[in-house]
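Everything below concerns the one structure shown next.
Numbering (the numbering used here), first residue to last: 1 to 33.
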């Protein structure tokens, strides 16, 4: 379904933004849990 595809796309975009923000806030540290 188109809605499902769009939802996955948005989710990936949001995750990318969050990871970028976390990476910037951490600075030298790597994004690893």
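Glycine residues also receive a C-beta, built at the ideal position from the N, C-alpha and C atoms.
Cut-off 7 Å between Cβ atoms - residues of its own chain near residue i, not counting five sequence neighbours on either side
| i | result |
| --- | --- |
| residue 5 | none |
C-alpha gap between residue i and residue j, whole angstroms
| i | j | result |
| --- | --- | --- |
| residue 8 | residue 21 | 20 Å |
| residue 3 | residue 11 | 12 Å |
| residue 13 | residue 26 | 20 Å |
| residue 19 | residue 1 | 27 Å |
For residue i, the first and last residue of its enclosing alpha helix (DSSP H)
| i | result |
| --- | --- |
| residue 1 | No alpha helix (DSSP H) holds residue 1; DSSP gives it neither H nor E. |
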